Amino acid sequence: MALIVQKYGGTSVANTERVQAVAQRVLKYKKEGHDVVVVLSAPAGMTDDLIKRANAISKNPKSRELDMLLGTGEQISIALLAMALDELGQEAISFTASQIGIKTTLHHTKAKITSISTEKMDKQLKEGKVVIVAGFQGINENDEFTTLGRGGSDLTAVALGVALKADCVEIYTDVDGVYTADPRIVDKPKKLEKISFDEMLELAATGAKVLHSRSVELGFKYGVPIHLRSSFDNSEGTLVCNKELVENKSIITGISHQANEAMICIEGLPDKSGVAASIFKKISDAGINIEIITQGGGDGTQADIYFVTKNNDFDEALEITKDIGKLLGARNVKGLKNLAMISLVGNLKDTKLDISSKILNILNKENVKPIVLSGSDIKISVLLEEIFFKKIVNEFHKKFIN
Ligand code: ADP
Ligand code: ASP
Ligand code: MG
Numbered sequence: 001m002a003l004i005v006q007k008y009g010g011t012s013v014a015n016t017e018r019v020q021a022v023a024q025r026v027l028k029y030k031k032e033g034h035d036v037v038v039v040l041s042a043p044a045g046m047t048d049d050l051i052k053r054a055n056a057i058s059k060n061p062k063s064r065e066l067d068m069l070l071g072t073g074e075q076i077s078i079a080l081l082a083m084a085l086d087e088l089g090q091e092a093i094s095f096t097a098s099q100i101g102i103k104t105t106l107h108h109t110k111a112k113i114t115s116i117s118t119e120k121m122d123k124q125l126k127e128g129k130v131v132i133v134a135g136f137q138g139i140n141e142n143d144e145f146t147t148l149g150r151g152g153s154d155l156t157a158v159a160l161g162v163a164l165k166a167d168c169v170e171i172y173t174d175v176d177g178v179y180t181a182d183p184r185i186v187d188k189p190k191k192l193e194k195i196s197f198d199e200m201l202e203l204a205a206t207g208a209k210v211l212h213s214r215s216v217e218l219g220f221k222y223g224v225p226i227h228l229r230s231s232f233d234n235s236e237g238t239l240v241c242n243k244e245l246v247e248n249k250s251i252i253t254g255i256s257h258q259a260n261e262a263m264i265c266i267e268g269l270p271d272k273s274g275v276a277a278s279i280f281k282k283i284s285d286a287g288i289n290i291e292i293i294t295q296g297g298g299d300g301t302q303a304d305i306y307f308v309t310k311n312n313d314f315d316e317a318l319e320i321t322k323d324i325g326k327l328l329g330a331r332n333v334k335g336l337k338n339l340a341m342i343s344l345v346g347n348l349k350d351t352k353l354d355i356s357s358k359i360l361n362i363l364n365k366e367n368v369k370p371i372v373l374s375g376s377d378i379k380i381s382v383l384l385e386e387i388f389f390k391k392i393v394n395e396f397h398k399k400f401i402n
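For the sequence shown, the working numbering assigns the number 1 to the initial residue and increments by one for each residue that follows.
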């Protein structure tokens with residue numbers, strides 16, 4: 001008998017039939033003698049819809065009120081699944097995050113989990129019930145509702161797995177595993193039987209939304225393997241686990257992409273210590289996320305600094321950078337919107353240069369200008385105009401994976 005945490009995403013609980021299918025799957029595990037804790041997302045599209053409804057009323061709603069609203073979709077799913085299991089004769093009980101004490105930091109809409117109390121869940125499991133928990137939600141030390149960031153139910157599931165010392169965490173979604181690239185974008189990607197935590201983390205952090213990057217980070221930190229599977233069939237899925245367990249045959253494991261990117265370039269910034277840091281502090285104080293920072297050009301007295309952010313943070317980031325750039329004596333601040341970043345993840349320790357030159361050759365052949373190319377031992381990312389990204393992701397996949 002094992003303790004299993006299963007998370008079902010939006011498409012897996014999109015309607016009555018899907019909720020009933022989840023109930024059947026949970027029941028199967030119960031009948032095999034396992035304890036099951038289920039984490040659910042809101043029905044597909046509901047969180048987007050709630051955001052639209054908020055924005056129809058206010059362009060800039062208070063983040064506290066957004067969190068009051070956004071977590072409600074998950075509450076619908078958990079109550080419906082409890083009813084569906086009841087109908088099958090299986091006792092079940094649903095809980096919001098505040099009811100079971102999923103404590104988070106204060107930050108509304110992007111809170112981090114700080115602790116989880118397992119007492120209530122343990123008691124219900126002992127009584128033979130299936131415990132169903134709302135994903136994505138939390139409660140902070142001021143007793144205010146928080147949410148964990150988009151896609152955050154994955155994080156709830158892995159955090160519960162850690163807190164309950166579960167034997168395994170299964171994430172059920174609408175694809176039957178982690179592929180070498182997003183199957184919605186790339187023609188004939190390959191399914192991976194296993195992938196290491198660190199490679200999955202890089203893919204998730206650079207746009208592979210099949211798993212929330214912080215959920216992978218948490219699994220890695222506490223050694224909890226994550227089994228990604230489809231709720232639409234019984235295939236084996238992909239195991240995200242320690243790298244010792246992964247047989248690695250290729251240099252590039254996977255390719256991810258992220259659209260809606262923007263870049264800001266500060267030209268001729270006096271090359272004194274602390275100058276760049278003061279710009280990034282201002283940007284992060286405004287709650288703007290920076291994805292890549294690179295430094296180029298310069299003659300020892302001046303440097304050019306580039307950073308990548310999101311389209312929707314672009315205007316604010318540009319304004320802040322222009323203001324502080326002027327104060328610090330930068331020659332010019334400019335920006336570009338509607339970009340995309342493509343990242344190749346794998347074992348690049350000895351092949352970075354070779355792969356980078358192949359990337360540049362492909363871009364050259366397709367007449368696409370790389371805006372930034374940056375690399376490490378595990379990832380090479382290239383920033384380009386968004387209109388080209390589908391074509392280029394497919395070209396990279398053909399060249400480096402097929
Ligand atoms: P859920 O609502 O179940 O959390 P998501 O939409 O968040 O599901 O994640 C599943 C989606 O992730 C898939 O439909 C797929 O388009 C996308 N995806 C992106 N990259 C990959 C990849 N490398 N392998 C599999 N799916 C991927
Ligand atoms: N419902 C939330 C979202 O759409 C959380 C999740 O699905 O994981 O982002
Ligand atoms: Mg998701």
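Heads up, the beta-carbon is just placed ideally off N, CA and C, and yes, glycines get one too.
Quantities reported herein were computed from a predicted structural model and do not represent experimental measurements.
Helix, strand or coil at residue i according to DSSP, with G and I counted as helix
i, result
"H257", "strand"
"F232", "coil"
"L348", "coil"
"S250", "coil"
"S213", "helix"
"T16", "helix"
"K165", "coil"
"D304", "strand"
"N332", "strand"
"V186", "coil"
"V393", "helix"
"K365", "helix"
"I320", "helix"
"S343", "strand"
"I292", "strand"
"T11", "helix"
Environment of residue i [buried if 16+ CB atoms lie within 10 Å]
i, result
"K7", "buried"
"N367", "exposed"
"N140", "buried"
"T114", "exposed"
"Y404", "Outside the shown range of the chain (1 to 402) lies residue 404, about which nothing can therefore be said."
"K129", "buried"
"S376", "exposed"
"E386", "buried"
"G71", "buried"
"P270", "exposed"
"Q124", "buried"
"E16", "The question names Glu, yet the displayed sequence has Thr at residue 16. When all chains shown are included, T16 counts as exposed."
"Y222", "exposed"
"A303", "buried"
"G10", "buried"
"R214", "buried"
Ligand 2 heavy atom lying under 7 Å from the CB of residue i
i, result
"G386", "Inspection of the sequence shows that residue 386 is occupied by Glu rather than by Gly. No, since every heavy atom of ligand 2 falls outside the 7 Å radius drawn around the Cβ of E386."
"S63", "no"
"S374", "no"
"S41", "yes"
"E199", "no"
"G207", "no"
Expected contact under 8 Å - CB spacing of residue i and residue j to nearest Å
i, j, result
"I320", "K358", "37 Å between Cβ atoms; not a contact."
"V333", "I288", "Contact doesn't hold; Cβ gap of about 15 Å is too wide."
"F396", "I324", "Their Cβ separation, rounded to whole angstroms, is 36 Å, which puts F396 and I324 out of contact at 8 Å."
"L344", "F400", "6 Å"
"L203", "S117", "About 32 Å separates the two Cβ atoms, so there is no contact after all."
"S41", "S77", "7 Å"
"A134", "T96", "5 Å"
"P370", "L383", "7 Å"
Heavy atom of ligand 1 within 7 Å of residue i beta-carbon
i, result
"T173", "yes"
"A134", "no"
"K398", "no"
"T11", "yes"
"A262", "no"
"P183", "yes"
"Y222", "no"
"K408", "Absent from the structure is residue 408, since the part of the chain shown begins at 1 and ends at 402."
"A92", "no"
"L203", "yes"
Contact test: residue i Cβ vs ligand 3 heavy atom, cutoff 7 Å
i, result
"G151", "yes"
"K110", "no"
"K103", "no"
"K129", "no"
"K337", "no"
Item checked: Contiguous alpha helix (DSSP H) assignments of at least 4 residues, all confined to the segment 19-64 -> Entirely contained in the segment 19-64, the alpha helix (DSSP H) runs reaching 4 residues are, in chain order, 46-57.
Notebook entry, point to check: Curious, which full-length alpha helix (DSSP H) runs of at least 4 residues does the segment 62-95 contain?
Noted result: The DSSP assignment places complete alpha helix (DSSP H) segments of no fewer than 4 residues inside the segment 62-95 at 63-70, 72-87, in order along the chain.
Notebook entry, point to check: What residue ranges within the segment 106-163 form continuous alpha helix (DSSP H) runs of no fewer than 4 residues, ordered along the chain?
Noted result: Runs of the alpha helix (DSSP H) inside the segment 106-163: 119-126, 153-163.
Note to self: In chain order, what are the residue ranges of uninterrupted alpha helix (DSSP H) at least 4 long that sit wholly in the segment 256-288?
What the structure shows: Qualifying alpha helix (DSSP H) stretches, in chain order: 275-285.
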